[in-house]
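Student: Per the working numbering, residue 39 is the first one in the sequence shown, and the count goes up by one each step.
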Amino acid sequence: MAFVSSASRWRTSLLFACALGVASTSTIVTPAEAGPRKPVRVAQAGPAPKRSSVSSVIQKGRDMYDDARYEESIQTLSGVVVRSDATKEERIEAYKLLAFNNIALGKNEEADAFARALFVLEETFELPKTESPRFRDFFDKAKKQWEADGKPGKAKEGEGAPEKTAVAVKHTPAAQIESGTALKIEGKIDDPDVVVEKVQLYYRSGAKGKFAQKSLAYSMGAFRGEIPAASVTPPLLEYYVLALDKAGLPLAGRGDADTPLRVVVPEESTSVVESPWFWIPIGAVVVTGVVLGAVLGTQLGSESTVRINVTE
């Protein structure tokens with residue numbers, strides 16, 4: 039039995055279809071266009087942290103100090119002295135612990151500034167005799183020097199306390215940012231008495247651990263800077279801004295270590311099906327199949343006659 043057809047023409051059409059399919063795939067299928075865009079998974083950052091009571095924040099800072107986590111203790115307690123709901127006694131305790139932390143770190147100038155701030159609030163303050171001699175000696179020396187300098191910050195007898203206009207930090211945080219992207223930080227400071235000397239930024243990836251610290255550019259009542267891209271990772275970013283005077287004392291803040299500003303950092307999907315590279319071979323098969331079917335359909339449609347000779 040013999041079959042006679044246009045074999046050579048059919049073979050040529052098949053090769054042409056394959057070549058056309060591959061060429062079509064290479065021009066229309068790219069990593070960016072092959073499949074659907076990678077969906078962004080919104081990180082479940084949870085609600086913003088609730089503000090703790092001043093006393094609980096002080097206790098937290100004290101515990102950190104006892105655990106020799108001095109820098110974290112300083113970050114935590116710095117938020118207390120700028121809180122409007124902190125009492126005089128709570129501020130005194132916070133200043134005392136801030137001085138202790140800085141003494142432990144060997145930062146005597148910073149410790150002296152906090153001790154002086156304490157004396158402004160309570161001139162008769164003294165550490166108990168049960169306290170470490172190292173701290174007692176430091177506070178005694180700081181007080182004598184403060185008195186010799188004319189008790190700066192303290193109202194003179196017969197005069198009322200000097201009126202001070204509150205410093206305010208104005209900054210609007212972003213709600214969300216892409217992972218691996220530097221976050222720009224900008225804002226303004228209301229400082230009628232011109233007492234703000236510098237602005238500090240504190241930030242961390244996630245909701246635990248110590249905040250990294252950096253100075254922001256500050257001029258003409260405005261500050262700017264950025265959080266490095268390496269620190270912007272899922273699921274969230276936390277930060278706060280503090281305005282400080284020339285002695286390094288916190289005057290005002292936007293957020294604090296207890297209730298930092300929070301920005302959601304979404305995670306990119308890692309599903310294989312959602313990967314653009316997954317769609318390239320599928321695209322190649324589909325395009326080639328369509329072209330091949332179209333060409334064969336055309337060729338077979340025009341060459342439909344087949345002669346069959348049967349001999350016995």
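Virtual Cβ for every residue (Gly too), placed ideally from N, Cα, C.
Keep in mind it's a predicted model, so treat the numbers as computed, not measured.
Whole-angstrom Cβ separation of Arg292 and Val207, contact assumed at under 8 Å?
Tutor: Sure, about 4 Å apart at Cβ, within 8 Å.
Student: Put Ile346 into one of helix, strand or coil per three-state DSSP.
Tutor: In this prediction, Ile346 has a pLDDT of 45, which is less than 50 and means its spatial position is unreliable; nothing more can be read from the coordinates.
Student: Within the stretch 152-235, note down every full beta strand (DSSP E) run reaching 3 residues or more, in order along the chain.
Tutor: Listed in chain order, they are 206-208 and 221-228.
Student: What residues are listed by DSSP as bridge partners for Ile265?
Tutor: According to DSSP, which records beta bridges pairwise, Ile265 is partnered with Leu221.
Student: Expressed to the nearest angstrom, what Euclidean distance is found between the alpha-carbon atoms of Arg89 and Lys179?
Tutor: The straight-line gap from Cα to Cα measures roughly 36 Å.
Student: Measuring CB to CB, does Ala290 end up less than 8 Å from Val120?
Tutor: Yes.
Student: Around the Cβ of Ile96, are there at least 16 other Cβ atoms within 10 angstroms (buried) or fewer (exposed)?
Tutor: The residue in question, Ile96, is buried, as its Cβ has 16 or more Cβ neighbours within 10 Å.
Student: Whole-angstrom Cβ separation of Gln214 and Val279, contact assumed at under 8 Å?
Tutor: Not confirmed; about 19 Å, so no contact.
Student: Can you tell me where the alpha helix (DSSP H) with Ser94 in it begins and where it stops?
Tutor: That run of the alpha helix (DSSP H) goes Val92 to Asp104.
Student: Quick check on Arg242: buried or exposed, where buried means 16 or more other Cβ atoms within 10 Å of its Cβ?
Tutor: With 16 or more Cβ atoms within 10 Å of its Cβ, Arg242 is classed as buried.
Student: Helix, strand or coil, according to DSSP, for Val302 in the structure here?
Tutor: Three-state result, Val302: strand.
Student: Please determine whether the Cβ atom of Gln214 lies at a distance below 7 Å from any heavy atom of the ligand SAM.
Tutor: Although the ligand SAM was asked about, the structure shown includes no ligands whatsoever.
Student: Helix, strand or coil, according to DSSP, for Leu254 in the structure here?
Tutor: Three-state result, Leu254: strand.
Student: Beta-carbon within less than 7 Å of Pro298's beta-carbon, same chain only, minus the 5 sequence neighbours each way: which residues are those?
Tutor: These residues qualify, in order along the chain: Glu276, Tyr277 and Tyr278.
Student: Based on Cα-Cα distance, which residue from Val234, Thr114, Lys126 and Leu239 lies nearest to Pro211?
Tutor: Ranking the options by Cα distance to Pro211, first place goes to Leu239.
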